[in-house]
Amino acid sequence: MVRLMQPGAFRTVPRTGVIYVMSEASRLGYRQDDPAWSNLGQGMPEAGELPGAPPRVRQVQITDADQEYAPVAGIWELREAVASMYNDLFRRGRGSKYSAENVAIAGGGRVSIMRACAAIGTVNLGHFLPDYTAYEELLDVFRRFIPIPVLLDPERGYSFTIDELRREILGRGLGAVLLSNPCNPTGKLIAGTELEQWVAAARELDCTLLTDEFYSHYIWSQQPSIVSAAEYVEDVDRDPVVIFDGLTKNWRYPGWRTTWIVAPKPVIEAAASAGSFLDGGGSRPLQRAAVEIVTAEHARSEGAAIHAAFGAKRDRLVAGLRDIGVRFDVEPEGTFYAWGDVSGLPGSLRNCDDFFRMALEEKVITVPGKFFDVDPGQRRLGRASRFKHHVRFSFGPAMASLEQAIARLKARVGAAR
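Okay, so the sequence shown: first residue is 138 according to our numbering, each after it adds one.
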């Protein structure tokens, strides 16, 4: 095989954890439509019909106007729909309401967070370990702010108290904090009074809370089944709370690549300006189609269907993995991931990379835990990851695929014993 030389002007750009594992699986013959494979690696929910869920969109009509560019901040109708949905779900009886000017539409989750990162000034930005793999490059490529890691303790189930948050903000001089809630990969959830306290601390200490809520309809530990920091914002244009969400996970339309930012108006203006040179805006036809499904009623119905279908898959995967010896620092309270500790397995399978390779041989895709040890700029290069014994398993696929994966992993682990 001929290896191409990297042109001198370019650096080697690392693949995010999910892209890496999917490319390794593809090298061994994986195809998305091949039922012989169980894809517990990719962060993608099953996208077909679910009992009790609204009908799936099967066709999108394209008008002549749809052939044109969409505004960088998104078409006005969808921005209004997003604002109205948040007001209906989380801000009834509140004097301060979101408007279309509090919303920007983007072409995917990474793009929405990238726009915000590009607009952040010269501050210390706190991020948690472990967290979403794609944060690593997003926090490194924009050099204005300094990423500050905040370690979460597996022995405490990754909990982080409000007193600890305040101490980090004040002690490290944080101007912003980025987190996924519920957390990808651990499934840890901040909700209710605890989330209200986080929003209050951000407001009081003038520290922007950047909340990735792409899994906020996948809630297992409490009711209601949809959680958002938007519920605890006092003034939508003054509170430093920036929310990222979209159709990819909570509406189960990952291929649409239609997402949004909800924030104070000045933040939206800055993010739209960043979008003008970063990505130029999203798909106009899909934004227009999204207007019909971005409603509070649709969110509630879809959320209820997700809770029933994915809740059963959560319970089955956790039980199946525990049966083969995988342990959990915390059972998933949200998301569709189980964050497993494989250190109790036979010696040849205790390292996340070894487990990953074994699973690939069985046509089961997982993600090694080391990828969630977010290290912008590779400043900890050469040090062993704290999560070398952890693996992320997705229960996004259909139940039959989970059953197939559990059976194959059980057989291999049993043979290794």
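Where a beta carbon is used, it is the ideal one built from N, C-alpha and C, also for glycine.
Within the segment 203-240, the runs of alpha helix (DSSP H) that reach at least 4 residues and sit entirely inside it are, in chain order, 213-227.
One Cα belongs to Ala241, the other to Arg494, and the distance between them is close to 41 angstroms. When DSSP states are grouped into helix, strand and coil, Ile257 belongs to the coil group. Per DSSP, Phe524 lies in no beta strand (DSSP E) segment and is marked neither H nor E.
Look at Ser531 here: in three-state DSSP terms it is strand. Taking a contact to require three or more Cβ pairs closer than 8 angstroms, the segment 429-444 and the segment 270-287 do not qualify as touching. About 16 angstroms separates the Cβ atoms of Ser531 and Gly185, ruling out a contact at the 8 angstroms cut-off. For the 8 angstroms CB-CB criterion, Leu415 and Ala255 form a contact. In the structure shown, Asp382 falls within a strand segment according to DSSP collapsed to helix, strand and coil.
In the DSSP assignment, Ser317 falls outside any alpha helix (DSSP H) and within the unbroken beta strand (DSSP E) covering Leu311 to Ser317. For the pair Leu346 and Val373, the CB atoms are not nearer than the 8 angstroms cut-off. Ranked by how close their Cα comes to the Cα of Ser163, the residues Lys500, Thr298 and Val314 have Lys500 in first place. Under the three-state reduction of DSSP output, Pro505 falls in the strand class. Counting along the chain, the unbroken alpha helix (DSSP H) around Trp335 starts and ends at Gly329 to Leu342. In terms of Cβ geometry, Gly246 and Thr385 form a close pair [threshold 8 angstroms].
Judged by beta-carbon spacing, Val550 lies beyond the 8 angstroms limit of Pro469, meaning their Cβ atoms are not closer than that value.
Bounds of the beta strand (DSSP E) holding Gly477 are Tyr474 to Asp478.
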